[in-house]
Amino acid sequence: MLTLLKIRNLALVDELTWELDRGLISVTGETGAGKSVIVGALKLVLGERAEKSLIRTGEDSCNIEAVFSLHSAPEIHQILLENGLDYEQGDDLIIRRVIGQNASRQFINDSPVTLGLLKKLGEHLVDLHGPHDHQSLLSTDRQMAMLDAYASAEPLVSQYRQHWLSWKDKVAEWETLRDAESISARELDLLRHQVDEIDAAHFKVDEEEELMNRYRRANGASRLLENTSAALALLANDEGSIISQITDLQKLMRDLEKLDPSLTDRVNGLETAAVELQELESTLTDYLDELEINPEEAGALEDRVNLLESLKRKYGSSISEILLARDEASNRLDNIENRSEKLEAIQSQIKQLRSELDATGAKLSSVRKKAAPKLAKEIASQLKDLGFKQSAFEISLHAVKEPTAHGLESTDFLFGPNPGEPLHPLRHVASSGEISRVMLAVKSALADQDATPLMVFDEIDANVGGEVAKAVGRKMAVLGARHQVIAITHFPQVAATAAKHFVVEKEVTNGRTRSRLYAVTGEARIHELVRMLGGGGESARAMAKSLLESL
1 MLTLLKIRNL ALVDELTWEL DRGLISVTGE TGAGKSVIVG ALKLVLGERA
51 EKSLIRTGED SCNIEAVFSL HSAPEIHQIL LENGLDYEQG DDLIIRRVIG
101 QNASRQFIND SPVTLGLLKK LGEHLVDLHG PHDHQSLLST DRQMAMLDAY
151 ASAEPLVSQY RQHWLSWKDK VAEWETLRDA ESISARELDL LRHQVDEIDA
201 AHFKVDEEEE LMNRYRRANG ASRLLENTSA ALALLANDEG SIISQITDLQ
251 KLMRDLEKLD PSLTDRVNGL ETAAVELQEL ESTLTDYLDE LEINPEEAGA
301 LEDRVNLLES LKRKYGSSIS EILLARDEAS NRLDNIENRS EKLEAIQSQI
351 KQLRSELDAT GAKLSSVRKK AAPKLAKEIA SQLKDLGFKQ SAFEISLHAV
401 KEPTAHGLES TDFLFGPNPG EPLHPLRHVA SSGEISRVML AVKSALADQD
451 ATPLMVFDEI DANVGGEVAK AVGRKMAVLG ARHQVIAITH FPQVAATAAK
501 HFVVEKEVTN GRTRSRLYAV TGEARIHELV RMLGGGGESA RAMAKSLLES
551 L
């Protein structure tokens, strides 16, 4: 249930903290007092888009926070888990909206979420109905879902839906192949060439890294061989090599030493340099002998790398993408060359899937046909309690030509408020007062099957008389025994049936108008009912007390 609703700076509300309990809760107040703000706040919590005009004049933002206590809510638990939100079964669910002048943010248990997620959760948290909020009741798909819930047919519906999806997917596959564009001989040759070219390369998915490592080593070995040979040529292998020139220089310096012995100390480094160069030449010669280089292997690796780069330019940036392009071309080629055989095979699969679909659909149809008159009878009984003493209500099922996502038949809820007149689909009922009471009758009939924890009725008792309003109130009270119900009403007969009664009123403080909400009990509640009855005096007071005591 909803245990707490906090509103700050929304329209006429500057600050409101509302703690709620179970059962039927009535909210009353004069027209324009701000009752609609409560409904508006709930709609915002449930993901409705926000207008910045809702922000209280002079403020930068408004905030709405709702706390739901959920003892057993597997659907909500699953939605939260699928969206990566931590939630333990039985924990409070805290939804918060912050609406600013430039942006709106929303949070679930302090984690930022999308409006789409709020809307998805809202479908399982709150069922909100106003004078013009009956589209769900008028939708034939929603009517079918109500019938299935009454018949406890959800597992069968889920099984049927899986069969239907499999069948539809296979039909779509057949149609795509059937309607494939014709292809020229040149395009066929191109597809064959693409498959053959990639197959001839024999590339494996995990080959690229190893290939490039081997190529870099082989390429590096070639440069080592080339550079080492060039270094040896400079050192010793040519007539003008460094070592040859050093030897000639040593001879000249020995002659100079003989003429001037003082030069000996100055040219000692030359002998050392000569020895080091000879050692370097010997080392490089040994290193060159140790190098194992296979020019043919290096050339083969270079060719394979060039082949890979060529295929990348044509088919993708990696071997995986190249092989995927090959498979796509192969599949398309196979589909074109073996089109007739494939169409026949898919048609056989479609036939088998359709057989399974029809069998499951027939079981579902049987369950619905048994449940429809029982639910219609229950709704008709509820309608009589709501003032439609001689009304008629039926649930019609019509076979469809092709299976739909909802089954092998469509449904219509038919209603006739007056005897002797034909029954019409609910969507053709013009009176908002009538459709509101029909909706309440349907909700009452499905009270045990409806898992929505909170129901909100926003002035659905409009355009009804006093006795009917009293019946509406009693019906809401019965619903309140199974659900938490909030009834926003102008009728004292409805307000008096509630377990808790709250009043919304406007007040002016320091030149600013604000709405406030407070609970009424005892004399204060009698006073509010007297106001709603439209007059003062002992007769109105006696009537108010009578309404409270009659429950």
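The numbering of the sequence shown is our numbering, which starts it at 1 and goes up by one. Virtual Cβ for every residue (Gly too), placed ideally from N, Cα, C.
**Prompt:** Tell me the DSSP bridge mates of residue 352?
**Reply:** The partner list for residue 352 (beta bridge, DSSP) is empty, contrary to what the question assumes.
**Request:** Compare the beta carbon distance of residue 138 and residue 353 with 8 Å and say whether it is the shorter of the two.
**Result:** no
**Runs of beta strand (DSSP E) lying entirely within the stretch 20–44, each at least 3 residues, in chain order** = 24–28
**Message:** If contact is defined by three or more beta carbon pairs under 8 Å, each pair taking one atom from either stretch, is the stretch 201–214 in contact with the stretch 437–456?
**Reply:** no
**Prompt:** Where does residue 122 fall in DSSP's three states?
**Reply:** helix
**Request:** Output the boundary residues of the alpha helix (DSSP H) element that contains residue 285.
**Result:** 268–290
**Message:** Suppose you measure from the CA of residue 118 to the CA of residue 374; what does that come to, to the nearest Å?
**Reply:** Answer to the nearest angstrom: the Cα atoms are 35 Å apart.
**Message:** Can you list, in chain order, the residues of its chain with a C-beta nearer than 7 Å to that of residue 493? Leave out the 5 residues immediately preceding and following it.
**Reply:** Only 466, 469, 470, 473 and 547 meet the Cβ criterion.
**Asked** Thinking just about the alpha-carbon of each residue, which of 11, 81, 29 and 83 is nearest to the one in residue 54?
**Response** 11
**Asked** Who are residue 107's beta bridge partners in DSSP?
**Response** 96 and 112
**Request:** Compare the C-alpha of residue 113 against each of 75, 150 and 46 and name the closest.
**Result:** 46
**Message:** Please report the straight-line C-alpha distance between residue 1 and residue 127, rounded to a whole angstrom.
**Reply:** 12 Å
**Request:** State the start and end residues of the unbroken beta strand (DSSP E) segment that holds residue 56.
**Result:** Taken as a continuous stretch (DSSP letters only), residue 56 belongs to no beta strand (DSSP E), as it is neither H nor E.
**Item:** 8 Å CB neighbourhood of residue 178 in its chain, flanking five on each side removed
**Value:** 343
**Per DSSP, cross-strand counterpart(s) of residue 455** = 127 and 485
**Asked** Ordered along the chain, which non-local residues of its own chain (more than five positions away) have a Cβ less than 7 Å from that of residue 141?
**Response** Within the same chain, 406 come within 7 Å of residue 141 by CB-CB distance, once the 5 residues on both sides are set aside.
**Request:** Assign residue 266 to one of two classes, buried (16 or more other C-beta atoms within 10 Å of its C-beta) or exposed (fewer than that).
**Result:** exposed
**Asked** At what residues does the beta strand (DSSP E) containing residue 331 begin and finish?
**Response** No beta strand (DSSP E) holds residue 331; the alpha helix (DSSP H) holding it covers 319–337.
**Request:** Give the straight-line distance between the Cα atoms of residue 230 and residue 333, rounded to the nearest whole angstrom.
**Result:** 55 Å
**Message:** Which of the three DSSP states is assigned to residue 13 in this structure?
**Reply:** strand
**Message:** Once the 5 residues before and after residue 315 are set aside, which same chain residues still bring their CB inside 6 Å of it?
**Reply:** 322 and 325
**Item:** Where residue 538 sits in the DSSP three-state scheme
**Value:** Residue state, collapsed to three classes: helix.
**Per DSSP, the bridge partner or partners of residue 425** = As computed with DSSP, residue 425 is found in a beta bridge with 414.
**Request:** State the start and end residues of the unbroken beta strand (DSSP E) segment that holds residue 514.
**Result:** Annotation for residue 514: the continuous beta strand (DSSP E) segment containing it runs 512–519.
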